[in-house]
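*Asks:* Dumping the structure here so I can ask a few things about it.
There are 2 protein chains.
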Amino acid sequence: MKKPYISKNVIQRMPRYLRTLTELQKEGIHRISSGELGARMRLTPSQIRQDFACFGGFGQQGYGYNVKTLRDEVASILGVNRGFQMVLVGTGKIGQSLLENFDFESYGFKLRAAFDIRHDLIGENICGVPVLDCSEMEDFIRSNGIHVAVLSTNRAGAQRAVDTLIAGGIRAIWNFTECELSPGDSDVIIESIHFSESLLRLGYHLSNSASA
Amino acid sequence: MKKPYISKNVIQRMPRYLRTLTELQKEGIHRISSGELGARMRLTPSQIRQDFACFGGFGQQGYGYNVKTLRDEVASILGVNRGFQMVLVGTGKIGQSLLENFDFESYGFKLRAAFDIRHDLIGENICGVPVLDCSEMEDFIRSNGIHVAVLSTNRAGAQRAVDTLIAGGIRAIWNFTECELSPGDSDVIIESIHFSESLLRLGYHLSNSASA
DNA sequence: CCCCTCTCGTGATTGTTTTAACAGGAAAAA
DNA sequence: TTTTTCCTGTTAAAACAATCACGAGAGGGG
Chain A
0 MKKPYISKNV IQRMPRYLRT LTELQKEGIH RISSGELGAR MRLTPSQIRQ DFACFGGFGQ
60 QGYGYNVKTL RDEVASILGV NRGFQMVLVG TGKIGQSLLE NFDFESYGFK LRAAFDIRHD
120 LIGENICGVP VLDCSEMEDF IRSNGIHVAV LSTNRAGAQR AVDTLIAGGI RAIWNFTECE
180 LSPGDSDVII ESIHFSESLL RLGYHLSNSA SA
Chain B
0 MKKPYISKNV IQRMPRYLRT LTELQKEGIH RISSGELGAR MRLTPSQIRQ DFACFGGFGQ
60 QGYGYNVKTL RDEVASILGV NRGFQMVLVG TGKIGQSLLE NFDFESYGFK LRAAFDIRHD
120 LIGENICGVP VLDCSEMEDF IRSNGIHVAV LSTNRAGAQR AVDTLIAGGI RAIWNFTECE
180 LSPGDSDVII ESIHFSESLL RLGYHLSNSA SA
């Protein structure tokens with residue numbers, strides 16, 4: 000299996016394949032062709048075949064794709080069930096909301112601890128996750144082999160937290176702040192969710208749509 | 000000014016330009032060249048010049064771009080200050096969290112009402128936004144000329160809410176559910192934020208990074 | 001067993017996006 | 001004023017991505 004380079008757009012589509020295939024499985028559908036899957040996802044059959052071909056090709060001529068097999072392959076590509084170790088930094092509104100609502104487990108992430116600087120929260124336990132003091136963070140990451148940090152601090156604390164995380168040897172950051180994070184010369188992976196950018200895009204489409 | 004077609008990627012970058020330019024303005028920087036802006040945003044100067052050229056070109060040879068002018072142009076392209084009228088559907092955890100934390104006003108959106116089916120919430124007031132019964136939604140949208148709906152229902156209620164919104168004449172939906180929404184033959188604009196897809200992408204990069 | 005249908009994987013083609021190169025004109029310096 | 005420097009907008013080239021077209025091989029019916 001050769002993997003010279005997987006394009007950004009292909010990676011962007013993989014989680015959506017996983018979601019769709021999981022739904023198909025729940026609906027009790029065992030096999031599907033690129034054409035049917037394409038109709039469902041509004042993609043061309045060609046693109047679907049080529050996307051999976053990047054990773055080796057999991058289909059069979061004259062038959063299509065086995066839904067379970069394909070789902071498992073996609074899950075494996077995305078690293079689900081790898082049991083990535085995780086911490087959360089910043090237990091403000093967004094942080095707490097994630098702790099309470101988001102099902103990290105089902106995507107293969109284990110949330111070990113949350114960190115904050117506010118002393119009224121430290122020592123508490125939010126949905127089974129202990130809240131610790133930020134000063135312990137670097138050690139905690141190193142000793143527990145933490146792979147990923149959810150960054151949900153306020154603007155002021157973001158870059159400082161990033162520096163500490165990198166010092167502790169973090170490998171990836173899931174960024175919910177509106178900041179432009181600077182990873183220095185580290186090769187840390189940063190994946191951001193920017194609410195405001197998404198809403199502004201919507202504003203653009205609204206301003207420029209036919210019925211504007 | 001001709002606008003044959005603005006590519007998706009260009010639109011994707013516009014909100015980031017707005018954010019960066021706003022920061023520059025706060026820092027008291029009045030002029031900037033495509034080279035300096037590119038260094039700051041990790042984009043090539045060429046790309047920046049070409050992006051702005053799509054909309055007419057706002058710079059001056061030998062000088063660069065005036066930060067305030069450029070920021071205002073980008074804001075105008077994105078429709079900030081158009082005063083889009085908005086409602087929120089589904090006052091669960093995510094919905095409430097948005098109501099309490101997100102500064103809709105500063106991006107040019109006016110939140111007029113929230114809707115839910117749970118009777119214990121109806122009649123309440125969250126951060127100055129009244130919570131109404133879903134049965135009133137279609138009328139409310141029509142009578143108040145609502146442009147956008149934030150969709151933060153649970154999975155079960157999502158498609159039903161979409162149908163009602165479209166019936167009321169909504170023009171855009173900011174989707175926080177994990178569902179594949181079907182707009183039927185309506186030309187409603189859908190902009191989604193999928194937490195899980197973002198996290199799964201992070202998982203991919205983590206699984207396939209050098210230090211994996 | 002043979003034939004027909006179905007559908008994948010792949011190589012060729014077309015289309016799109018990014019990067020590079022440059023002509024022209026403003027700013028700044030001499 | 002003249003010259004030099006700087007930097008845009010635009011055109012051309014390169015890189016990248018999506019689509020098309022087809023050979024090959026499995027499934028299924030007769």
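Chains A and B supply the protein sequences, listed in that same order. Each residue of the first sequence is one higher than the one before, counting from 0 in numbering that gives the first Met the number 0. Each residue of the second sequence is one higher than the one before, counting from 0 in numbering that gives the first Met the number 0. Cβ coordinates follow ideal geometry from the N, Cα and C atoms, glycine included.
Mind checking whether Ile93 of chain B and Val66 of chain B have CB atoms under 8 Å apart?
*Replies:* In this structure, Val66 of chain B does not lie closer than 8 Å to Ile93 of chain B by Cβ.
*Asks:* Using the Cα positions of Ser45 of chain B and Ser33 of chain B, report the straight-line distance between them to the nearest angstrom.
*Replies:* One C-alpha to the other measures close to 8 Å.
*Asks:* In three-state DSSP terms, what is Asn243 of chain A?
*Replies:* Residue 243 of chain A is absent from the structure shown; chain A starts at 0 and stops at 211.
*Asks:* Using a beta-carbon distance below 8 Å, is Asn153 of chain B in contact with chain A?
*Replies:* Chain A, which has no Cβ nearer than 8 Å to the Cβ of Asn153 of chain B, makes this no.
*Asks:* Give me the Cα-Cα distance between Ala74 of chain A and Leu201 of chain B, rounded to the nearest whole angstrom.
*Replies:* Those two C-alpha atoms are separated by around 13 Å.
*Asks:* Would you mind sorting Asn215 of chain B into buried or exposed? The rule is 16 or more other CB atoms within 10 Å of its CB.
*Replies:* Since the first residue of chain B shown is 0 and the last is 211, residue 215 of chain B is not available in this structure.
*Asks:* If contact is defined by three or more beta carbon pairs under 8 Å, each pair taking one atom from either stretch, is the stretch 128–141 of chain A in contact with the stretch 158–172 of chain A?
*Replies:* The stretch 158–172 of chain A vs the stretch 128–141 of chain A: in contact.
*Asks:* Distance check for Gly183 of chain A and Arg18 of chain A, CA to CA, integer angstroms please.
*Replies:* In a straight line, the C-alpha of Arg18 of chain A is about 34 Å away from that of Gly183 of chain A.
*Asks:* Looking at the C-beta of Glu190 of chain B, does it have a partner C-beta in chain A at a distance below 8 Å?
*Replies:* Glu190 of chain B counts as touching chain A.
*Asks:* With a threshold of 8 Å between beta carbons, is Gln11 of chain B in contact with chain A?
*Replies:* With 8 Å as the cut-off, Gln11 of chain B counts as an interface residue toward chain A.
*Asks:* Is there a Cβ from chain B that is less than 8 Å from the Cβ of Phe83 of chain A?
*Replies:* Yes - at least one Cβ of chain B is within 8 Å of the one on Phe83 of chain A.
*Asks:* Take Val88 of chain B as the anchor and find which of B:Ser151, B:Asp132, B:Gly58, B:Arg159 has the nearest alpha-carbon.
*Replies:* Looking at the Cα atoms, B:Ser151 is the closest of the given residues.
*Asks:* How big is the Cα-Cα spacing for Leu42 of chain A and Ile10 of chain A?
*Replies:* Whole-angstrom Cα-Cα distance: 15 Å.
*Asks:* For Ser210 of chain B, count neighbouring C-beta atoms within 10 Å of its own C-beta (all shown protein chains included) and say buried if the count is 16 or more, exposed if not.
*Replies:* Per the 10 Å Cβ criterion, exposed.
*Asks:* Which of helix, strand or coil does DSSP assign to Lys1 of chain A?
*Replies:* Model confidence at Lys1 of chain A stands at a pLDDT of 44, short of 50, so the residue's coordinates are unreliable and nothing is read from them.
*Asks:* Indicate whether at least one CB of chain A lies closer than 8 Å to the CB of Met0 of chain B.
*Replies:* Reliability fails at Met0 of chain B, whose pLDDT of 41 lies under 50, so the model's placement of it is uncertain and no value is given.
*Asks:* Determine, for Asn65 of chain B, whether the minimum Cβ-Cβ distance to residues of chain A falls below 8 Å.
*Replies:* So, not an interface residue.
*Asks:* Does the CB of Pro182 of chain B have a neighbour CB from chain A at under 8 Å?
*Replies:* Pro182 of chain B does not count as touching chain A.
*Asks:* Given that a residue counts as buried once 16 or more other Cβ atoms are within 10 Å of its Cβ, and exposed if not, what is Glu196 of chain B?
*Replies:* It is buried - the Cβ of Glu196 of chain B has at least 16 other Cβ atoms within 10 Å.
*Asks:* Please classify Arg30 of chain B: does DSSP put it in a helix, a strand, or coil?
*Replies:* Strand, per DSSP.
*Asks:* Is the beta carbon of Gly58 of chain B sitting closer than 8 Å to the one on Tyr64 of chain B?
*Replies:* Yes; because the gap between Cβ atoms is below 8 Å, this pair is in contact.
*Asks:* DSSP beta-bridge partners for Asp132 of chain B?
*Replies:* According to DSSP, Asp132 of chain B bridges with B:Asp115.
*Asks:* Can you name the residues that DSSP bridges to Asn65 of chain B?
*Replies:* Answer is B:Arg30.
*Asks:* Grouping DSSP H, G and I as helix and E and B as strand, with all else coil, what is Ile188 of chain B?
*Replies:* It is a strand residue.
*Asks:* Taking only the alpha-carbon atoms, compute the straight-line gap between Glu104 of chain A and Val130 of chain A and give it to the nearest angstrom.
*Replies:* Cα to Cα, the separation comes out at about 18 Å.
*Asks:* So for Leu164 of chain B, helix, strand or coil by DSSP?
*Replies:* Of the three classes helix, strand and coil, the one that applies to Leu164 of chain B here is helix, per DSSP.
*Asks:* Rounded to whole angstroms, how far is the Cβ of Met85 of chain B from the Cβ of Ile145 of chain B, which I believe are closer than 8 Å?
*Replies:* With 8 Å as the limit, Met85 of chain B and Ile145 of chain B qualify as a contact, their Cβ atoms being about 7 Å apart.
*Asks:* Going along the chain, which residues of the stretch 96–124 of chain A sit with their C-beta nearer than 9 Å to a C-beta in chain B?
*Replies:* Cβ contacts with chain B: Ser96, Leu97, Glu99, Asn100, Phe101, Asp102, Phe103, Ser105, Tyr106, Gly107, Phe108.
*Asks:* Mapping DSSP to helix, strand and coil, what is Phe54 of chain B?
*Replies:* Coil.
*Asks:* Between B:Asp71, B:Ile76, B:Thr68, B:Leu120, which has its C-alpha nearest Gly91 of chain B's C-alpha?
*Replies:* The shortest Cα separation from Gly91 of chain B among B:Asp71, B:Ile76, B:Thr68, B:Leu120 belongs to B:Leu120.
*Asks:* When you compare the CB of Ala171 of chain A with every CB in chain B, is at least one pair closer than 8 Å?
*Replies:* With 8 Å as the cut-off, Ala171 of chain A counts as an interface residue toward chain B.
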